[in-house]
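**Student:** Let me give you the structure first, and then I'll get to my questions.
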Amino acid sequence: MRRPRNNIAYTGTPTSNMTSTTASNNSWNLPVTLNDAQFQSVSTSGWDAPRQADGSLPVLPHLRLAPNSTLIDKGTDVGLPHTGPAPDLGAFEQSGGTAPTGQRYEAETVPAVCQGAIDTNNAGYSGSGFCNGNAAVGAYAQFTVNASTAGTAILRIRSPTAPPVAPHDRRSGSSTGPRSPPCRSNPPAPGPHGPPRT
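Here it is, written out as structure tokens:
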């Protein structure tokens, strides 16, 4: 038997297709008020936006709880991570701010350092070129990101010269967490005994 919990039915059809379920701790069976002010947005704007480079859906504020929403901490623990004394109602845990927006930093402009060449011979970059470290042995790219507040950050490193792969993620507990492990944009050529093992 399915047990839906911590859900929000904002448009008024909470029990459609709910046969063989025992629903509890949802907006329709808790004493909560639903209105537009509970959410950062109820607009459908951006739903047709393209996916992000890693294939994930675009980050939108739609139905994310507003910082002062009374739906915060109204859920029940279902074993998933949450902040505060209890989970929030809805699909997203409120983190005290607005929906995250991606900040893009490219290693082609100062104060970034590119020990190599700024090239333009491959597609996939958005600025004036991309940092190609293959031109120099031991080359690296270095840049600093100054976050306005401490918190968890995701660092995605990719290269337009590499075949499409999932981006490298570095999740840390603070904005000044440890560096991401080095990423190879092009694998080394196979040796006499085949490709190197990783």
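Residue 11 is where the sequence shown starts when you use my numbering, and the numbers rise one by one after that.
Just so it is clear, CB atoms sit at the ideal spot from N, CA and C, and this is done for glycine as well.
Note down, in chain order, each residue of its chain lying with its Cβ closer than 8 angstroms to the Cβ of residue 41, except the 5 sequence neighbours on either side.
**Tutor:** Position 31 of the sequence shown, counted from the start, is the residue given in the question as residue 41. When the five nearest sequence neighbours on each side are left out, no beta carbon in the same chain lies closer than 8 angstroms to the beta carbon of residue 41.
**Student:** Identify the continuous beta strand (DSSP E) that holds residue 129 and give its terminal residues.
**Tutor:** Here the question's residue 129 lines up with position 119 in the sequence shown. That run of the beta strand (DSSP E) goes 127-129.
**Student:** Could you check if residue 81 is buried or exposed, using at least 16 other CB atoms within 10 Å of its CB as the buried criterion?
**Tutor:** Locating residue 81 in the sequence shown gives position 71, counting from the first residue. Result: buried.
**Student:** Report back the beta-carbon spacing between residue 99 and residue 85 to the nearest angstrom; my notes put them in contact at under 8 angstroms.
**Tutor:** For the purposes of this step, residue 99 is taken as residue 89 along the sequence shown, with counting starting at 1. For the purposes of this step, residue 85 is taken as residue 75 along the sequence shown, with counting starting at 1. At roughly 5 angstroms, the Cβ-Cβ gap stays under 8 angstroms, so residue 99 and residue 85 are in contact.
**Student:** Quick check: the Cα distance between residue 31 and residue 89, rounded to an integer number of angstroms?
**Tutor:** By one-based count along the sequence shown, residue 31 stands at place 21. By one-based count along the sequence shown, residue 89 stands at place 79. Taking the straight line from one Cα to the other gives about 19 angstroms.
**Student:** So which of 144, 146 and 129 has the shortest CA-CA distance to residue 138?
**Tutor:** The residue given as residue 138 occupies position 128 in the sequence shown. Nearest C-alpha to residue 138: 129.
**Student:** For residue 18, I'd like the list of residues in its chain whose CB is within less than 6 angstroms of its CB, leaving aside the five on either flank, ordered along the chain.
**Tutor:** For the purposes of this step, residue 18 is identified with residue 8 of the sequence shown, where counting begins at 1. Excluding positions up to five away in sequence, the list reads 37, 99 and 100.
**Student:** DSSP three-state label for residue 146, please.
**Tutor:** By 1-based counting over the sequence shown, the position of residue 146 is 136. Coil, per DSSP.
**Student:** Are the beta-carbon atoms of residue 122 and residue 102 separated by less than 8 angstroms?
**Tutor:** Here residue 122 refers to the residue found at position 112 of the sequence shown. Here residue 102 refers to the residue found at position 92 of the sequence shown. Against a cut-off of 8 angstroms, the Cβ pair of residue 102 and residue 122 comes out as no contact.
**Student:** In whole angstroms, what separates the C-alpha of residue 55 from that of residue 148?
**Tutor:** What you label residue 55 is simply residue 45 of the sequence shown in a count that begins at 1. What you label residue 148 is simply residue 138 of the sequence shown in a count that begins at 1. Looking at the two C-alpha atoms, the distance is approximately 46 angstroms.
**Student:** My output table needs one value for residue 48: the three-state DSSP class, helix, strand or coil.
**Tutor:** Residue mapping note: residue 48 aligns to position 38 of the sequence shown, counting from 1. Residue 48 falls in the helix class under three-state DSSP.
**Student:** Check the DSSP bridge columns for residue 62 and list the partner residues they point to.
**Tutor:** For the purposes of this step, residue 62 is identified with residue 52 of the sequence shown, where counting begins at 1. The secondary-structure analysis by DSSP pairs residue 62 with nothing; it has no beta-bridge partner.
**Student:** Would you report the Cα separation of residue 13 and residue 34, rounded to the nearest angstrom?
**Tutor:** As a first step, residue 13 is located in the sequence shown; it is residue number 3 there, counting from the start. As a first step, residue 34 is located in the sequence shown; it is residue number 24 there, counting from the start. Approximately 7 angstroms, taken between the alpha carbons.
**Student:** State the beta-bridge partners of residue 72 as determined by DSSP.
**Tutor:** If you number the sequence shown from 1, residue 72 lands on position 62. Looking at the DSSP assignment, residue 72 forms a beta bridge with 51.
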